Amino acid sequence: MGNHNGGWMTPALAGAVLGPALQLQQPALWGGLEYAGLAVLGLALFALARPIGRTFVRVALILLAAGVLAFGLGGARALQFLSQSLDSQLEGKDLSVTGVVAAMPQRNETGLRFRFEVESAAAEGRPVRLPPQVYLGWYGAPVPDGNGGLELQRQAPELRAGERWAFNVRLRAPHGNSNPHGFDYELWLWEQGLQATGYLRAGPRDPAPRRIADTWRHPVERARQSVRDAVFEHVADRKTAGLLAALIVGDQNAIDRADWDVFRATGVAHLMSISGLHITMFAWAAAWAVGALWRRSRRLCLAWPAQHAALAGGILLAGGYALFSGWGVPAQRTIWMLATVGLLRMSGRRWPWPQVWLLACAVVVAIDPWALLQAGFWLSFVAVGVLFATDAGTQGRQAEASVTGSVLARWRAALAAMFREQWVITVALTPLTLLLFGQVSVVGLLANALAIPWVTLVITPLALAGVLVAPLWDVAAWAVQALGLYLGWLAGLPFATLSAPAPALWAGIAGVAGGVLLAMRWPWQVRVLGVPLLLPALLWQVERPAPGQFELLAADIGQGNAVIVRTASHTLVYDSGPRYSAESDAGHRVLVPLLRALDEKVDTVMLSHRDSDHTGGAPAVLAMQPQATLLSSIEDGHELQSLRKATRCAAGQRWQWDGVDFQVLHPAPADYDAASKPNAMSCVLRIANGASTALLAGDIEKAQEARLVAQVAALKSDVLLVPHHGSKTSSSEGFLDAVKPSLALVQAGYRNRFGHPAPPVLERYRERGVAVIDSPHCGAVRWRSGEPSQVSCQRQLAPRYWHHRFP
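Just so you know, the sequence shown maps onto residues 550 to 1356 in the working numbering.
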């Protein structure tokens, strides 16, 4: 059969993708009637377009109809999901919940994290409604007791998926950090179907968590957990075991952070999780096996063609593999793509590749419209589209070699095709990778040339076979370690990665178009036109303050401090945020991506004092910025001293960058000889250009504030980084009267256990007419000396309907 879609299919598919893309830009959802009306309007436009014979008008109407219909359906779906969100009145309350562990728990040094399907809930004995599924933590470390203190918890046992438990919990609405070029945690929770996060109350005064029964629910998750545990029991090296667990059951959290850094530097991170490549290779192998077995039976071949049986069997078995590996979003996308293309082929239709590509996109977007906001979606579909577009002639040469050539010739043809595909994808995706991540691997082609066949044809089959024959995991572990040596060597090369500032959207799109044009099988005279399209993205320069001006970017890092100070040609990082866990800190998660996107070369890292909510991200920042000097009050024996020898900050230190004056006001040199609390040793930095002034106060308390008022004549500042995150121990009246700020910035975590900023402290600022800007409401805050009375809030720049809003 040929292509008999009457010219309506392409605009309909394009509209089915564009409609959800536009709906995702909504800052807030409309009502149900509006979305229902749009869906009806879309159907009416389809009916109106049918009798129209004029091609342009018909195509435009079909495109509009499909877009309007998809917009309405996507909005209605989001509205229905939002209706199940957590009641804000229940945040922070003690709740008794009963339900089932819905997925295999993730363990780290602090305890367990797991998904929990809520069956019933009560607050103070009164039934309440909770979201269907919540994300819980059972921490062995102390947790807030509700009175500003900490309380020891019962240690978490080995939870199993499918078990029914009764807990006491405290929940909160999904809330993540909001930073320029940062990860959207709230979107991730939304796409995962999680509408609340929280932790167990398992202290000595709380009812003991109670295991009620074992159920048969979530059998796949139980099997995944059993296999993961078996891998860790069998393979002695935990790093290698984590990699094997990731490849078998999709547990990416099992991979060590240092290994992830190597994989990203070498461009092979996509191989170390259950990606589209793994699913596709598994489908190909399964289809080959099913086809070979099917052809052995004459009766089966007469009943159904072996080609169709192989295609269906390969997709079904790949779906089973994707389900067993955790049914992650990349695996889901691949299964829907394979199923769409497979059904099209079995139907006998022969559509042009752009329509096949658009159909796969439309199906994935219809099932998961939020995939449009995932980097993996664009990398996958651009790669597939480029391979479709550049495939002309390749298959013919391979077929000719297989018919006329020797075994060696067939192998040469296959290898040439593989290397050519990798080269084409590298050229086409490099601009897109720079746009999405601000970094591209220069050694990625060399790394993938070995890693792709090694991981897909050696490591992954051995790892999967080990589920049946455990000793094969030892062989797979040796293969992983051998690959690790090669990748480690490549990652250690000084030119392994190329970083570039994040370009504007138009420049990024032009760069992607240029990369695709260069990869096409067209004459060089045409392909070379892609070079000027690449230049805006590759040569993009981030705007900096003018000489004599400066700006502050207070990152949203939760409970802690981290401020990037920029002048015309210099950069200082004041504090580096908290350490969240052994595998996660504000440096890796927030500051390093932000500094990379801004193309910053940091001159000085100033760590105000030793507390971990100020120094937790320092190792990552210092590793990224080897030229940066370290200025801090940390003691000589502090672990950071082994990474970078610190110079003591001391009152009287002063320097000037680009006409901007930097002055350390505290601590005094003599303070280092006294036994002082860490907060009392905070480095206080004053930044001024003669017209505007900023004061970064660390965690100083009332005693240090009083000393500054007594000893420093020029404290008045336009903007103040609120001391100690707004604690009751700081922001004394005398200090505020001396500083007289117009704006006060509070860096604190949403619903943090300390109650920062404290209400009495906020009242002091309000009494003096000071505008208080806090990171939970604002996200990252940008303040410029040229506009000292204004700030820019990241949460207000690009609000979306899934973002958390609260009074």
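Yeah, the Cβ is synthetic: ideal placement off N, Cα and C, and Gly gets one too.
Because the structure is a prediction, the values reported are computed rather than measured.
Per DSSP, the beta bridge partners of Ala-1293 are Leu-1269 and Val-1321. In the same chain as Val-933, and ignoring 5 residues on each side of it, the C-beta atoms closer than 7 Å to its own belong to Trp-906, in chain order. Of the candidates Glu-1254, Ala-1012, Ala-1320 and Gln-1260, the residue whose Cα lies closest to the Cα of Ala-1028 is Ala-1012. Phe-986 counts as buried, since no fewer than 16 other beta carbons sit within 10 angstroms of its beta carbon. Taking 7 Å as the cut-off, the beta carbon of Ala-588 is found closer than this to the beta carbon of Leu-622.
Setting aside the 5 residues that flank it on each side, Leu-887 is surrounded in the same chain by Ala-832 and Ile-864, each with a C-beta closer than 6 Å to its C-beta; the list follows chain order.
Counting C-beta atoms within 10 angstroms of its own C-beta, Thr-1116 has 16 or more neighbours from the protein chains shown and is therefore classed as buried. DSSP lists Ser-1048 as the beta-bridge partner residues of Gln-988. One alpha carbon belongs to Gly-877, the other to Ala-871, and they sit about 8 Å apart. CA-CA distance, Arg-813 to Leu-1143, rounds to 17 Å. Annotation: Asp-778 to Arg-760 spans about 21 Å, alpha carbon to alpha carbon. Apart from the 5 residues on each side of it in sequence, Pro-1348 sits with its Cβ closer than 6 Å to the Cβ of Pro-576 in its chain, given in chain order. For the options Thr-604, Ala-1059 and Asp-1220, the alpha carbon positioned closest to that of Ala-977 is the one of Ala-1059.
For Tyr-1129, the uninterrupted beta strand (DSSP E) segment begins and ends at 1128–1130. The DSSP-derived three-state label of Glu-1149 is coil. Glu-1312 and Pro-1216 have their C-alpha atoms some 28 Å from each other. Contact between Leu-749 and Thr-1005 does not hold, since their C-beta atoms are separated by about 40 Å, which reaches or exceeds 8 Å. Apart from sequence neighbours up to five positions away, the residues of its chain that approach Leu-1036 with a beta-carbon distance below 8 Å are Val-811, Phe-812, Thr-815, Val-817, Ala-996 and Ala-1000, ordered along the chain. Look at the region 1193–1267 and you find these whole runs of alpha helix (DSSP H), each 4 residues long or longer: 1251–1260. Between the C-alpha atoms of Ala-1025 and Glu-740 there is a straight-line separation of about 33 Å. With fewer than three CB-CB distances shorter than 8 Å, the region 1079–1093 does not count as touching the region 1015–1023. Taking 8 Å as the upper bound for CB-CB distance, Leu-893 and Trp-900 are in contact here, some 7 Å apart.
For Thr-1278, the closest alpha carbon among the candidates His-1305, Asp-808, Arg-664 and Phe-1099 is that of His-1305. The Cβ atoms of Pro-654 and Phe-665 lie no closer than 7 Å to each other. Residue burial annotation: Val-1209 is buried, with at least 16 other C-beta atoms found within 10 angstroms of its C-beta.
The beta-carbon distance between Ala-909 and Val-890, rounded to whole angstroms, is 6 Å. This is short enough to meet the 8 Å contact definition.
Of the residues assessed, Asn-802 falls on the exposed side of the cut-off, its CB having fewer than 16 other CB atoms within 10 angstroms. Secondary structure of Phe-665 (DSSP, three-state): strand. In the DSSP secondary-structure assignment, Asn-717 is bridged to Ser-645. Excluding five sequence positions before and after Met-1069, the CB atoms of its chain that fall closer than 7 Å to its own CB belong to Ala-938, Thr-939 and Arg-1076, given in chain order. With fewer than 16 other CB atoms across the displayed protein chains lying within 10 angstroms of its CB, Ser-1130 is exposed. When secondary structure is reduced to three states using DSSP, Pro-918 falls in the helix class.
Note on Arg-787: under 16 other CB atoms within 10 angstroms of its CB, so exposed under the neighbour-count rule. If you compare the alpha carbons of Ile-1236, Val-1114 and Cys-1198 with that of Ala-1219, the shortest gap goes to Cys-1198.
Secondary structure of Ala-672 (DSSP, three-state): strand.
No residue range can be given for Tyr-1299, since it is assigned to no alpha helix (DSSP H) and is classified by DSSP as neither H nor E.
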